[in-house]
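The opening position of the sequence shown corresponds to residue 43 in the working numbering, with each subsequent residue numbered one higher. By construction, the Cβ of each residue, glycine as well, lies at the ideal position given by its N, Cα and C atoms. Computed from a predicted structure; not experimentally measured. Heads up: the structure comes next, in structure tokens.
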Amino acid sequence: MKSPDLLGSTIWNYLRLGIRLGSGLVLFRMYYTRLDEQTFGFWALLWTIFGCGVLLDFGFGLAVQRGVAHHGSRNEWQPLNSVVTNSFFLFCVIGLGIFTLSILSGTWISGTSVFIDEERKSEFTRAIQIFGAGMGLSLPLSIFQEVLRGLQEIALLNKIIIFGSILNFAVQGWLLQNGGGIIPLV
Numbered sequence: 043m044k045s046p047d048l049l050g051s052t053i054w055n056y057l058r059l060g061i062r063l064g065s066g067l068v069l070f071r072m073y074y075t076r077l078d079e080q081t082f083g084f085w086a087l088l089w090t091i092f093g094c095g096v097l098l099d100f101g102f103g104l105a106v107q108r109g110v111a112h113h114g115s116r117n118e119w120q121p122l123n124s125v126v127t128n129s130f131f132l133f134c135v136i137g138l139g140i141f142t143l144s145i146l147s148g149t150w151i152s153g154t155s156v157f158i159d160e161e162r163k164s165e166f167t168r169a170i171q172i173f174g175a176g177m178g179l180s181l182p183l184s185i186f187q188e189v190l191r192g193l194q195e196i197a198l199l200n201k202i203i204i205f206g207s208i209l210n211f212a213v214q215g216w217l218l219q220n221g222g223g224i225i226p227l228v
């Protein structure tokens, strides 16, 4: 394994942090001013659920990082393969559980809420289901971030995250400017 570029990684870390913080502040203001009260509250609920869903990693992401760093530095390919493959499979199972739970609970969550108008319940139910599908898919795909961290490719990972953050900001900003509802935003 190559030695990490400490200065370059640090600069990219701060750049990533600044871009994500700045775009998040601008987008929050746009959500708040352009979405109606129900949609904004529902959007906040979805991201609260996502915040809790991040905990479903159960620390296996760190295990992948450690396994990649440890076994990769020793050229131990079979144990490295086992760590990454088993973690990926576990993340797929957890992701499938998240997806299934969101499909089953989408109707219940929007159906039992007294704060959602009757005519919008089907729209919010669909939004929960799409959001859950995205969460279910993002968990197994997050293993690639952990592998890059284990390989000490922090600058590359930060460049990818920065690109995704800028693209996300542009698309969501455009949707909010043009009156996009909850379904396109999700």
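In the structure shown, S184 adopts coil according to DSSP, grouped into three states. Contact fails between the region 113 to 131 and the region 162 to 172, because fewer than three Cβ pairs, one in each stretch, are under 8 Å apart. About 11 Å separates the beta carbon of L69 from that of Q219, a gap too long to meet the 8 Å contact definition.
Annotation for N220: no alpha helix (DSSP H) segment contains it, and DSSP assigns it neither H nor E. Out of S65, S129, L88 and R71, the CA that lies nearest to the CA of R108 is found in S129.
CA-to-CA, the gap between L193 and A111 works out to about 6 Å.
If one requires a minimum length of 4 residues, the alpha helix (DSSP H) runs lying completely within the region 73 to 98 are 79 to 95, in chain order. The Cβ atoms of F141 and I91 do not sit closer than 9 Å to each other.
Take the alpha-carbon of T75 and the one of W85: they are about 13 Å apart.
Shown here, Q194 sits in coil according to DSSP, grouped into three states, outside any helix or strand. In this structure, DSSP gives G64 a helical state, which the three-state scheme calls helix. Here E188 is not near L98, since their CB atoms are 9 Å or more apart.
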